[in-house]
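Enquirer: Residue numbers (the working numbering): 61 to 519.
Every residue, glycine too, gets a C-beta built ideally from N, C-alpha and C.
Note that the structure is predicted; figures quoted are calculated from it, not measured.
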Ligand SMILES: Cc1cc2nc3c(=O)[nH]c(=O)nc-3n(C[C@H](O)[C@H](O)[C@H](O)COP(=O)(O)OP(=O)(O)OC[C@H]3O[C@@H](n4cnc5c(N)ncnc54)[C@H](O)[C@@H]3O)c2cc1C
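What follows is the structure in structure tokens.
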């Protein structure tokens, strides 16, 4: 009899709890990946991410081939058909048990419950994707709503029991190294080859970051002209890499410094915990992934949603250089620096008065690292509708943000070449320059309107 490992957002052979368990408990193992192109269309998944996903599935197929585990890539069309497709697949291949790593968003939890109901064999769900237990709770048993105490508690838990990284399982006896299915193309794609999509390439990226850049992370991470961050978000989002691998490697390079939240290495560790925090929030407060605000009162904000302003933001022609450079980086590369995501998101909501859900959707449609929980958390943070303790009256000034984080305009000019030759204040508040628009709004005026919008509904 054969057991099945069902891959979802955990496309790797190293440190994969479900793969380790299935290989330990069963002599014969097959693997399956369900493609859901209709679902991807509904979510507007970016062409660059589709290409990245296809390359990642191909690499997984090759890795599994070396382990003697054939991977079947099944077109299930839509997420909702997966339970019945899984059942058919198990019957067709005489499967005695299914293994998968647990996913924590509400739709995925429901899908897994349906699978359990419909299958007449066990579905074993293993803990993965997070460093710390999802069910971590405050002293009163309630989930955390604020990041700092959450991260403090996670550190305590992880210091008491450092997460183990699992090895790649040994090849099965029935080893058939030639078995490598190729993932078919599904929908429009954009070349993602600038991003490693194979396990070895991603590990190399992690090693290099920890060895060369983690020691300066805090100093460099806010400056988009500096290559100061890991750029591992796309790999983490598809599970080509686990956060445990990240933390273990960081500790190997930086030692005990990781436990000091104010150090460079400790700051990077904190970013991994932000990722976990947004999963914790999405799990405990599932309304946030159903289009609702975490701060429910903010759902009453009458966002004016001017389509022309939205288009100008999306296309990088707002007349605010740092915002335009950010949005053009996103269109050109499918990725945006974290500082710029905060600036661009704040600008959309608080200067253009456009609903954060529009921005959230646009990011999902363009980012290579689109991740539902992190994207939602980031947008709600920027719009002051989310968990963050930062009050709504903290509004980014796009001009001073540009002056602070790209003072010489190195990043701006790369993406907004119309501004080449300008220096200092002129670069950040350009005079009429051919081919570059004047500011589409007055920041100070818009700021006042935002404050009034929030204050009115809050009161
Ligand atoms: C409006 C907005 C939308 C965002 N959308 C996404 C998204 O769709 N997918 C996504 O992975 N991240 C998202 N982020 C978080 C963050 O911007 C990216 O994770 C980060 O820029 C990725 O670059 P990096 O891999 O070099 O990060 P590093 O600085 O090297 O950080 C390491 C890892 O920690 C995680 N991380 C870092 N910062 C955050 C954060 N603020 N929140 C959650 N996780 C974090 C990521 O997995 C990242 O790869 C968003 C942030 C904002 C403000």
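1) What number of angstroms, rounded off, separates the C-alpha of residue 235 from the C-alpha of residue 84?
2) Measure the beta-carbon distance from residue 192 to residue 217 and round it to whole angstroms, keeping in mind my assumption that it falls under 8 Å.
3) What do you reckon, is the C-beta of residue 109 under 6 Å from a heavy atom of ligand 1?
4) DSSP three-state call for residue 334: helix, strand or coil?
5) Look at the alpha carbon of residue 299 and the alpha carbon of residue 493, and state the distance between them as a whole number of angstroms.
6) Do you know whose CA, among 435, 201, 496 and 514, lies nearest residue 454's CA?
7) Buried or exposed: residue 396, going by 16 or more other Cβ atoms within 10 Å of its Cβ?
8) Provide the residue(s) that pair with residue 289 in DSSP beta bridges, ordered along the chain.
9) Nearest-angstrom Cα distance between residue 257 and residue 63?
10) Taking 6 Å as the cut-off, does the CB of residue 373 come closer than this to any heavy atom belonging to ligand 1?
11) Sorted by chain position, which residues of the same chain lie with C-beta nearer than 6 Å to residue 329's C-beta, five sequence neighbours on each side aside?
12) Since residue 399 and residue 282 should fall inside the 8 Å C-beta cutoff, what is the C-beta to C-beta distance between them, to a whole number of angstroms?
13) Distance, Cα to Cα, residue 382 vs residue 313?
14) CB residue 106 to CB residue 420, shorter than 7 Å?
15) What's the C-alpha gap between residue 82 and residue 65?
16) Check the C-beta distance from residue 448 over to residue 441 and give it rounded, since I have them as a contact under 8 Å.
17) With which residues is residue 184 paired in a DSSP beta bridge?
18) In the DSSP assignment, the beta strand (DSSP E) including residue 401 goes from what residue to what residue?
19) Does DSSP put residue 283 in a helix, in a strand, or in coil?
20) Quick check on the burial criterion: 16 or more other C-beta atoms within 10 angstroms. Buried or exposed for residue 435?
21) According to DSSP, simplified to helix, strand and coil, what is residue 441?
22) Cβ of residue 446 within 6 Å of any heavy atom in ligand 1?
23) How would you write the range of the alpha helix (DSSP H) that residue 166 sits in, first residue to last?
24) Specify, as a first and last residue, the run of the alpha helix (DSSP H) that residue 475 falls within.
25) Taking the CB atoms as reference points, tell me whether residue 71 and residue 120 lie closer together than 7 Å.
26) How many angstroms separate the CA atom of residue 432 from the CA atom of residue 173?
27) Got a sec: does ligand 1 put a non-hydrogen atom nearer than 6 Å to the Cβ of residue 439?
28) Using a 10 Å radius around the Cβ and a threshold of 16 neighbouring Cβ atoms, would you call residue 491 buried or exposed?
29) Going straight from the alpha carbon of residue 228 to that of residue 75, what length do you get?
30) Applying the criterion that 16 or more other CB atoms from any shown protein chain within 10 Å of the CB defines a buried residue, is residue 367 buried or exposed?
31) Spatial neighbours of residue 186 within its chain, please: CB distance less than 8 Å, with the 5 preceding and 5 following residues excluded, ordered by chain position.
32) Between residue 430 and the rest of its own chain, which residues show a CB-CB distance below 8 Å, the 5 nearest in sequence each way excluded?
33) Considering only residues of the same chain and omitting the five flanking positions on each side of residue 114, which have a CB-CB separation below 6 Å?
34) Under the DSSP definition of a beta bridge, which residues are partnered with residue 66?
35) Compute the distance between the beta-carbons of residue 403 and residue 370, then report whether it is under 7 Å.
36) Could you check the C-alpha separation between residue 176 and residue 223 for me, to the nearest Å?
Expert: In this structure, then:
1) Any reading at residue 235 needs caution, since the residue's pLDDT is 48, under 50, leaving its predicted position unreliable; the model's value is listed next. About 15 Å.
2) 5 Å
3) no
4) helix
5) 45 Å
6) 514
7) buried
8) DSSP output for residue 289 lists no bridge partner at all.
9) 27 Å
10) no
11) 318
12) 5 Å
13) 34 Å
14) no
15) 7 Å
16) 5 Å
17) 159
18) Segment 398–406 is the alpha helix (DSSP H) holding residue 401; no beta strand (DSSP E) there.
19) coil
20) buried
21) helix
22) no
23) 166–178
24) 470–475
25) yes
26) 20 Å
27) yes
28) exposed
29) 7 Å
30) exposed
31) 77, 78, 81, 159, 160, 161 and 162
32) 105, 106, 109, 297, 423 and 424
33) 243
34) 92
35) no
36) 28 Å
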